[in-house]
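K.L.:
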Amino acid sequence: MSDESRRSAVARVEPVPDEPAAIATVGDKRALLVADYHAGYEAGLRYERGVTVPSRATERRERLLTLLERTDPDRLVVLGDLMHSIGDPGGAERGELEVLLESVPRTIPVTVVKGNHDGAIETWLTEDEAEIETSVTVVSGAGIDLGEGTVGVCHGHTWPAPATLECDVLCLGHEHPCVRLEDDVGGSRVERTWLRGELDPKPFRPRPEYEGLSWLSDEAVEPPRVVVLPAFNDLVGGTWINVPGQSFLSPFLPAGIASGEAYLLDGTRLGPYQSV
Numbered sequence: 091m092s093d094e095s096r097r098s099a100v101a102r103v104e105p106v107p108d109e110p111a112a113i114a115t116v117g118d119k120r121a122l123l124v125a126d127y128h129a130g131y132e133a134g135l136r137y138e139r140g141v142t143v144p145s146r147a148t149e150r151r152e153r154l155l156t157l158l159e160r161t162d163p164d165r166l167v168v169l170g171d172l173m174h175s176i177g178d179p180g181g182a183e184r185g186e187l188e189v190l191l192e193s194v195p196r197t198i199p200v201t202v203v204k205g206n207h208d209g210a211i212e213t214w215l216t217e218d219e220a221e222i223e224t225s226v227t228v229v230s231g232a233g234i235d236l237g238e239g240t241v242g243v244c245h246g247h248t249w250p251a252p253a254t255l256e257c258d259v260l261c262l263g264h265e266h267p268c269v270r271l272e273d274d275v276g277g278s279r280v281e282r283t284w285l286r287g288e289l290d291p292k293p294f295r296p297r298p299e300y301e302g303l304s305w306l307s308d309e310a311v312e313p314p315r316v317v318v319l320p321a322f323n324d325l326v327g328g329t330w331i332n333v334p335g336q337s338f339l340s341p342f343l344p345a346g347i348a349s350g351e352a353y354l355l356d357g358t359r360l361g362p363y364q365s366v
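Start counting the sequence shown at 91; every next residue gets the next number (the numbering used here).
(1) Helix, strand or coil for residue 185? Go by DSSP, reduced to three states.
(2) Jot down the residue ranges of each uninterrupted beta strand (DSSP E) in the stretch 113-138, minimum 3 residues, whole runs only, in chain order.
(3) Take residue 159 as the anchor and find which of 108, 144, 272, 194 has the nearest alpha-carbon.
(4) Please classify residue 278: does DSSP put it in a helix, a strand, or coil?
(5) Checking 8 Å against the spacing of the C-beta atoms, do residue 317 and residue 226 come in under that value?
(6) Note the first and the last residue of the continuous alpha helix (DSSP H) segment covering residue 161.
(7) What residue ranges within the stretch 222-300 form continuous beta strand (DSSP E) runs of no fewer than 3 residues, ordered along the chain?
(8) Enumerate in chain order the residues of its own chain whose CB-to-CB distance from residue 351 is below 8 Å, with the five nearest sequence positions on each side excluded.
(9) Whole-angstrom Cβ separation of residue 234 and residue 243, contact assumed at under 8 Å?
(10) Smallest Cα separation from residue 322: which of 338, 155, 116, 241?
(11) Measure the alpha-carbon distance for residue 188 versus residue 132 and round it to whole angstroms.
(12) Between the alpha carbons of residue 230 and residue 198, how many angstroms are there, rounded?
(13) Given 8 Å as the limit, is there contact between the stretch 238-253 and the stretch 291-304, that is, 3 or more CB pairs closer than that?
(14) Does the Cβ-Cβ distance between residue 282 and residue 110 come in under 8 Å?
(15) Along the chain, where does the beta strand (DSSP E) that runs through residue 312 open and close?
(16) Assuming residue 348 and residue 308 form a contact by the criterion Cβ under 8 Å, report the distance between their Cβ atoms to the nearest whole angstrom.
(17) Please state the DSSP three-state secondary structure of residue 337.
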């Protein structure tokens, strides 16, 4: 089977309609992917900016639990920034995280790809006093292969692990992609979006850790597709991908995405993101 046909046959990452989440199918297993939950964001606004916003912790938790019930996955994978504070969580933030993880059905293991906001999350999740019975695994933000070389996941704040770049699809968060839409009378609104395309080899070629990657050494091999997930937390803002002069957050974007297209949460295709 050719590389092109292999990718199209087995790599499945399907957005959940109207939700900032996707289902990744690996073999006969299904993983629910979400990114940038940012638990405790409201507490962070008070501390960092002096802005008081009512907590939406319960709403966030119920949205995620409803998604788990709706999609019935074999595992939950958080693509970084499960929490908001960069240090150890405390107070309301830690309480939100513990209640969330205690609420996830015990039959659904959780994998947290460590984001730049996740601090020492792997230490307090394993403390003896933590009353979290759900199985939680924390992995490097550079990411992992979810299995069988089909779907790689990372957070996006650092260069991806080589194993993720040999997968058919690379999924990441961190960017919080948004588009600013304007109407004929000058009104505007900002919408969370998906950003999808194909990895461009150029920014990856000079880096020695990627020497030997199949699609960098052989032009006949199709590069992986890339999917940038919208932020699960609808308060956090993000990169306005269609506004000139906006800088991306990830070190390999936007140079690392070729023919990138934007999609709204309801599935509306907006076309090439630069010209939306």
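Here a beta-carbon is modelled for each residue, glycine too, at the ideal position from N, C-alpha and C.
Keep in mind it's a predicted model, so treat the numbers as computed, not measured.
P.N.:
With the structure as the only source:
(1) Numbered from 1 along the sequence shown, position 95 holds the residue referred to as residue 185. Under the three-state reduction of DSSP output, residue 185 falls in the helix class.
(2) 119-124
(3) Numbered from 1 along the sequence shown, position 69 holds the residue referred to as residue 159. Ranking the options by Cα distance to residue 159, first place goes to 194.
(4) Looking up residue 278 in the sequence shown gives position 188. Strand, per DSSP.
(5) Within the sequence shown, the letter at position 227 stands for residue 317. Within the sequence shown, the letter at position 136 stands for residue 226. Judged by their CB atoms, residue 317 and residue 226 are not nearer to each other than the 8 Å cut-off.
(6) As a working note, residue 161 is residue 71 in the sequence shown. Residues 147-161.
(7) 226-229, 241-243, 259-262, 268-272, 278-289
(8) Here residue 351 refers to the residue found at position 261 when the sequence shown is read from its first residue. Answer for residue 351: 285, 286, 287, 359, 360, 361, 362, 363, listed in chain order.
(9) Counted from its first residue, the sequence shown places residue 234 at position 144. Counted from its first residue, the sequence shown places residue 243 at position 153. So it is a contact: roughly 6 Å between Cβ atoms.
(10) Here residue 322 refers to the residue found at position 232 when the sequence shown is read from its first residue. The shortest Cα separation from residue 322 among 338, 155, 116, 241 belongs to 155.
(11) Walking along the sequence shown from the start, residue 188 turns up at place 98. Walking along the sequence shown from the start, residue 132 turns up at place 42. Their backbone Cα atoms lie some 16 Å apart in a straight line.
(12) For the purposes of this step, residue 230 is taken as the residue at position 140 of the sequence shown. For the purposes of this step, residue 198 is taken as the residue at position 108 of the sequence shown. Taking the straight line joining both Cα atoms gives about 20 Å.
(13) yes
(14) Start at 1 with the first residue of the sequence shown, and residue 282 comes out as number 192. Start at 1 with the first residue of the sequence shown, and residue 110 comes out as number 20. Their beta carbons are under 8 Å apart, which means residue 282 touches residue 110 by this criterion.
(15) By one-based count along the sequence shown, residue 312 stands at place 222. It is not in any beta strand (DSSP E) - residue 312 carries neither H nor E in the DSSP assignment.
(16) Position 258 of the sequence shown, counted from the first residue, corresponds to residue 348. Position 218 of the sequence shown, counted from the first residue, corresponds to residue 308. At roughly 17 Å, the Cβ-Cβ gap does not stay under 8 Å, so residue 348 and residue 308 are not in contact.
(17) Stepping through the sequence shown from its first residue, residue 337 is reached at position 247. Residue 337: coil per DSSP, three-state reduction.
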